[in-house]
Amino acid sequence: MGRELGSGGARPGVGGHPEAGQRVRGRVLAIVNQKGGVGKSTTAVNLAACVAELGERVLLVDMDPQANATSGVGIARGSLSGSIYQCLIGASQAEEVLVRDVGLPGLDVLPATIDLAGAEVELVSVLSREYRLKEALAGIRGEYGLVLVDSPPSLGLLTVNALAVADGALIPIQCEYYALEGVSQLMRTLEMVKRYLNPGLEISGVLLTMYDPRTRLSEEVSRSVREYFGDKVFKTVIPRNVRLSEAPSFGKPVIMYDGHSRGAEAYRQAAQELLAREGLGSAGAKASEGRG
Ligand code: ADP
Ligand code: MG
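Residues in the sequence shown are numbered consecutively from 498, following our numbering.
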């Protein structure tokens, strides 16, 4: 079932990925998993930073009221003139609340605040409520090579908004007990969004997080995830690394906090793999040459 979603259309390698040589702008990836604590926000912040470091312009969109991605790049709530919430309810344009060049050049952020918790309820009776993020991003996504959307630990309207605009879903899976618990529900949600809201939605990738090579459990989780998702799973695995958990309290992506840590190296490698898979950057161009 997990594979069905990615099998539609012409298949250059993994389903849904751009044709060889084709340059895409503003490709949107939604980082989703309704389980909390699996590494969504950590992945959003650090992939965004590493992709920007590779020279691709990145927009990080925070769709979680907990605003971990926003604080994780050092944006203080008090400094904001507005947030993604105002964009979703139609009170502001994305350009008005955009925070530019956060931490490193080429990384822009659409920040979240706790207000966003209200949006889930307030949008229920609103016309085209599932497409509010899509509309908000329409005017700016073309400025970026990649748009990464962090999402809350639920499959509610905020996550559906993220999936309704996404070209791909990126699913972090924590190498822990019950890693695959809830995955079939997530797959059903992805299928529903694809069927009713966004026919272009694919699974872009599955990223194993908090991998501990000393434990058999991590190895077992890795094996069962690879059995289930096949080549959707990133070759790169993100190790459990204390630098990754410390960096957010300094408001920095790990490459700015401890650029030589194992966590930094892993996210750098994952970013390269992502660009190659998505046909972006020089990594993508090389991959495309290889394919074409
Ligand atoms: P989610 O957004 O899915 O709820 P987070 O990215 O916030 O998950 O991660 C949950 C917790 O685990 C956070 O405290 C984070 O700092 C920590 N964490 C995430 N990834 C790692 C990792 N690879 N190694 C160590 N700690 C991690
Ligand atoms: Mg989070």
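C-beta: ideal position from N, C-alpha, C; glycine also. If you're wondering where the values come from, they're calculated on a predicted model, not measured in any experiment.
Would the beta-carbon of N565 be found less than 7 Å away from any heavy atom of the ligand MG?
Yes, the beta carbon of N565 sits closer than 7 Å to at least one heavy atom of the ligand MG.
Do I668 and V703 have their C-beta atoms within less than 8 Å of each other?
Taking 8 Å as the Cβ cut-off, I668 and V703 qualify as a contacting pair.
Straight-line Cα distance separating G748 from A659
Spanning the two alpha carbons is a distance of roughly 24 Å.
I'd like the span of the beta strand (DSSP E) that includes G665, first residue to last.
Where G665 is concerned, the enclosing beta strand (DSSP E) stretches over G665 to Q671.
For a quick check, are the C-beta atoms of C584 and V594 less than 8 Å apart?
A Cβ-Cβ contact shorter than 8 Å links C584 with V594.
Any heavy atom of the ligand MG within a distance shorter than 7 Å of the CB on S538?
Taken from the Cβ of S538, at least one heavy atom of the ligand MG lies inside 7 Å.
Measuring CB to CB, does N530 end up less than 8 Å from L687?
Here N530 is not near L687, since their CB atoms are 8 Å or more apart.
When every heavy atom of the ligand ADP is checked, does at least one fall within less than 7 Å of the C-beta of R737?
It does: the Cβ of R737 is within 7 Å (strictly closer) of some heavy atom of the ligand ADP.
Segment limits, alpha helix (DSSP H) that includes E632:
First-last of the alpha helix (DSSP H) with E632: R629 to A635.
Which residues in the same chain as N543 place their Cβ atom closer than 6 Å to its Cβ, once the five residues preceding and following it in sequence are excluded?
The residues P750, V751 and Y764, in chain order, have a CB closer than 6 Å to that of N543 in the same chain once the five nearest residues on each side in sequence are set aside.
Can we count N695 as close to the ligand ADP, meaning its CB is less than 7 Å from some heavy atom?
No, Cβ of N695 sits at least 7 Å from all heavy atoms of the ligand ADP.
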